[in-house]
Amino acid sequence: SSALRTKKARELKAALGKQQFLLKKPVEKSQKTTEASFRATHFFIKNKKTFSDGEVFKEAMMIIAKTVFKDEKNGTDVISTLSNVQLGASTTVRRVTAMSENLTEQLEQDVATCKWFSIQCDESVDCSSSAQLMVFIRMVFDDFSTKE
1 SSALRTKKAR
11 ELKAALGKQQ
21 FLLKKPVEKS
31 QKTTEASFRA
41 THFFIKNKKT
51 FSDGEVFKEA
61 MMIIAKTVFK
71 DEKNGTDVIS
81 TLSNVQLGAS
91 TTVRRVTAMS
101 ENLTEQLEQD
111 VATCKWFSIQ
121 CDESVDCSSS
131 AQLMVFIRMV
141 FDDFSTKE
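In terms of the UniProt record's numbering, the sequence shown opens at residue 1 and continues consecutively.
See the structure below:
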């Protein structure tokens, strides 16, 4: 009776482990594609690309992936995962907004916890006659570490 219970408990644990694995894998894949989308958006911002460039970039990426990975062992999985990366203009706008909000929160938290700070402002006009204001802040914390 005790051995039977132990055996049944092992079987149930194994079945639960298989179910969790089946549920965990799509979540991990989704997290990776979301991270890839954020990293690609960061790349576009750094290189001053428009939000619609993500769609063109994805098309090129899919052409390359289908060419390079079509005969590989896990090629269809790679191509499927890459096709799930969201790089549309509206998604890119949401990613930029999320990154901006995150940076603002970090800055507010740092300013609230710093011991001393200094601010420098620089105003200029770019080639399209748009005024640009840059604000630099240097913070010193209780442990004398600095952050800009």
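Just so it is clear, CB atoms sit at the ideal spot from N, CA and C, and this is done for glycine as well.
Model, not experiment: these values are computed from the prediction.
query: Got a sec, what are the start and stop residues for the alpha helix (DSSP H) residue 77 sits in?; result: 75–83
query: Return the CA-CA distance between residue 8 and residue 28, expressed in angstroms with no decimal places.; result: 30 Å
query: Out of 11, 6, 83, which one is the CA nearest neighbour of residue 33?; result: 83
query: Give the DSSP bridge partners of residue 119, in chain order.; result: 137
query: What are the boundary residues of the alpha helix (DSSP H) that includes residue 110?; result: 89–113
query: In whole angstroms, give me the CA-to-CA distance for residue 89 and residue 52.; result: 5 Å
query: Can you name the start and end residues of the alpha helix (DSSP H) that residue 53 belongs to?; result: 53–69
query: Identify, in the order they occur along the chain, each residue of the same chain with its Cβ nearer than 7 Å to the Cβ of residue 37, setting aside the five sequence neighbours on each side.; result: 85, 86, 87, 91, 95
query: On the premise that residue 138 lies in contact with residue 124, defined as a C-beta separation below 8 Å, what is that separation, rounded to the nearest angstrom?; result: Not a contact, Cβ separation roughly 20 Å.
query: Within its chain, find whatever has a CB closer than 7 Å to the CB of residue 93; leave out the 5 residues flanking it on each side and keep chain order.; result: 51
query: Check whether the Cβ atoms of residue 115 and residue 135 lie closer than 8 Å to each other.; result: no
query: Would residue 78 pass as a contact of residue 60 if the rule is Cβ separation under 8 Å?; result: no
query: So, under 8 Å CB-CB, residue 147 and residue 110 are touching, yes? Tell me the CB distance rounded to an integer number of Å.; result: 6 Å
query: Quick one: what does DSSP say residue 147 is sitting in, helix, strand or coil?; result: strand
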